[in-house]
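Let me begin by presenting the structure, written as structure tokens, before commenting on it.
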Amino acid sequence: MSTLLTGIGELTTNDPELGTVRDAAVVWEDEQVGWVGPAAAAPEADERVDVGGRAALPGWVDSHTHLVFDGDRTSEFAARMAGQPYSAGGIATTVTATRSATDERLAANLRALVAEAMRGGTTCLETKTGYGLTVSDETRSARIAAEVVDEVTFLGAHLVPAERSAESYVESVCGEMLDAVRTNVSWVDVFCETGAFDESQAARVLRAGQRHGLGTRVHGNQLGYGPGVQLAVRSGAASVDHCTYLSDGDVDALAGSDTVATLLPACDLSTKQPLAPARRLLDSGAAVALASNANPGSSYTTSMDFCVATAVLQMGMSVTEAVWAATVGGARALRRHDVGVVRPGARADIQVLSAPSATHLAYRVGVPLARRVWRAGREAVTVS
Ligand code: NIG
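Mind the numbering: the sequence shown is residues 39 to 422 in this note's numbering, read in order.
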């Protein structure tokens with residue numbers, strides 16, 4: 039089955055040769071893009087969809103979420119808005135609720151949030167374990183996640199659970215937990231921060247993940263300056279996420295590496311932290327991704343539109359940079375080449391906006407703009 043998407047007023051391809059195409063069309067066959075170019079030159083296809091001059095771009099690649107959970111932390115959020123600081127310890131509240139939930143409940147919550155993200159234009163999504171923190175709870179989180187999302191990350195090293203000592207817990211994460219989750223995950227992650235895991239514990243977790251054949255990612259420099267960024271760069275991590283507090287040395291290290299700096303503006307706002315220094319990173323040449331960090335504690339939103347608008351309105355990024363970071367940037371953070379771009383050979387992940395240009399993502403801040411969304415060539419969302 040082939041589809042011709044035509045009448046695109048402005049097509050952002052993210053392909054260096056194709057660039058932005060006006061009066062464009064895209065043709066895909068089954069799951070894969072086959073042709074991109076001017077509408078006037080488009081080949082025929084089995085199905086023809088005319089989007090009436092609207093803008094189209096790759097679906098968002100949300101490379102950082104924590105969606106396998108149960109429970110609600112409204113009161114923690116309200117306390118924070120009244121002046122209480124955010125701390126890593128709040129994770130324990132969600133751990134308690136998640137452990138008591140049934141598999142069906144966790145899966146239903148995950149599916150509902152992924153559907154919400156898709157309605158917002160997200161077509162490729164990573165999610166993490168990390169609210170189980172026992173061998174069996176982490177294993178089931180990984181299994182449930184693997185049935186629903188594109189990329190699953192093992193985050194057993196999210197917090198030391200109250201019933202364990204740090205030493206014995208890190209040993210368990212590096213051994214029996216990794217053995218148990220291995221078949222359902224591609225990545226290992228560690229929260230390297232005061233109140234979570236220190237540098238040497240985090241390094242052990244990353245090395246153990248690498249021994250198990252997993253790619254690595256790090257939560258770092260979220261609540262203060264710290265060793266997370268340098269550790270991520272030294273160990274060849276695909277991404278270091280948060281990057282709210284960066285020294286000049288951290289920025290230089292990122293600029294000289296393949297490690298993507300993944301910025302999470304909705305989290306910075308919801309935890310009342312400063313917004314991450316996107317401009318310093320971009321000006322240094324570091325690769326930047328934007329992600330939602332959707333989770334019930336520090337960032338309870340799946341809206342990538344919001345992250346892009348915030349990056350433009352408050353972080354000094356241009357629309358082009360922000361769109362790139364929320365698509366190709368996320369794909370790089372996941373080491374994927376098939377998403378975040380519209381070009382022959384890519385997965386047919388495309389969103390059409392209720393707007394004539396991508397600039398409206400910031401210009402019409404707060405308005406959800408995804409009107410039609412295709413994931414792997416299949417229409418997933420239509421807003422009338
Ligand atoms: O990325 N930093 C660690 N993990 C999450 C927070 C999870 C929570 O508070 O429940 C984050 O912000």
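For each residue, glycine too, the CB sits at the ideal point set by N, CA and C. Computed from a predicted structure; not experimentally measured.
Listed in chain order, the alpha helix (DSSP H) runs fully inside the segment 103-162 are 112-119, 129-138, 141-157, counting runs of at least 4 residues. Collapsing the DSSP output to three states places Ser337 in a strand. Asn333 has its CB nearer than 7 Å to a heavy atom of the ligand NIG. When DSSP states are grouped into helix, strand and coil, His398 belongs to the helix group. Residue state for Arg317 is assigned as helix, using DSSP reduced to three classes.
Gly253 has Trp225 as its beta-bridge partners, per DSSP. Using a Cβ-Cβ distance cut-off of 8 Å, the segment 202-218 and the segment 142-153 are not in contact, since fewer than three pairs of beta carbons, one from each stretch, lie closer than that value.
Looking at Ser285, Thr167, Asp53, Gly294, the one whose alpha-carbon comes closest to that of Gly274 is Gly294. Relative to the non-hydrogen atoms of the ligand NIG, the Cβ of Phe229 comes within a distance shorter than 7 Å of at least one. Look at Cys305: its beta carbon is less than 7 Å from one of the heavy atoms in the ligand NIG. In this structure, Gln389 sits near Ala408, with a CB-CB distance shorter than 8 Å. The residue from Leu391, Tyr401, Ala400, His398 with its alpha-carbon nearest to that of Gly97 is Leu391.
Look at Gly91: its beta carbon is at least 7 Å from all of the heavy atoms in the ligand NIG. The beta-carbon distance between Gln70 and Gly383, rounded to whole angstroms, is 7 Å. This is short enough to meet the 8 Å contact definition. With distances taken between CA atoms, Pro123 lies nearest to Glu114 out of Ile129, Glu114, Ala130, Thr131. In the DSSP assignment, Arg370 falls within the unbroken alpha helix (DSSP H) covering 368-371. In this structure, the ligand NIG has a non-hydrogen atom nearer than 7 Å to the beta-carbon of Ser337. As DSSP reads the structure, Val74 sits in a beta bridge with Val64.
Contact annotation: Leu328 and Ala349 have beta-carbon atoms nearer than 8 Å. Counting C-beta pairs with one atom in each stretch, the segment 73-87 and the segment 45-64 have three or more that are closer than 8 Å, which means they touch.
DSSP places Thr50 in no alpha helix (DSSP H) but in the uninterrupted beta strand (DSSP E) bounded by 40-50.
The distance from the Cβ of Leu42 to that of Arg86 is about 5 Å, consistent with a contact at the 8 Å cut-off.
Take the alpha-carbon of Ala414 and the one of Arg255: they are about 26 Å apart. Residue burial is scored here from C-beta neighbours: Ala276 has at least 16 other C-beta atoms within 10 angstroms and is therefore classed as buried. For Thr348, the uninterrupted alpha helix (DSSP H) segment begins and ends at 342-352.
Counting along the chain, Ala327 sits inside the beta strand (DSSP E) bounded by residues 326-328.
Going by C-alpha positions, Ala184 is about 24 Å away from Ala240. Closest in C-alpha terms to Tyr169, from the list Val187, Thr160, Phe192, Arg157, comes Phe192.
In this structure, the straight-line span from the alpha carbon of Lys310 to that of His104 is close to 19 Å.
Taking C-beta atoms under 8 Å as the contact rule, Asp343 and Pro406 qualify, at a distance of about 6 Å. When secondary structure is reduced to three states using DSSP, Thr167 falls in the coil class, being assigned neither helix nor strand. Ala195 carries a strand assignment under DSSP once its states are collapsed to helix, strand and coil. Sequence-distant Cβ neighbours of Ser285 in its own chain, meaning closer than 7 Å and more than five residues away, are Tyr263.
The C-alpha of Trp412 is placed about 8 Å away from the C-alpha of Thr161. Contact between Leu216 and Gly247 holds, since their C-beta atoms are separated by about 7 Å, short of 8 Å.
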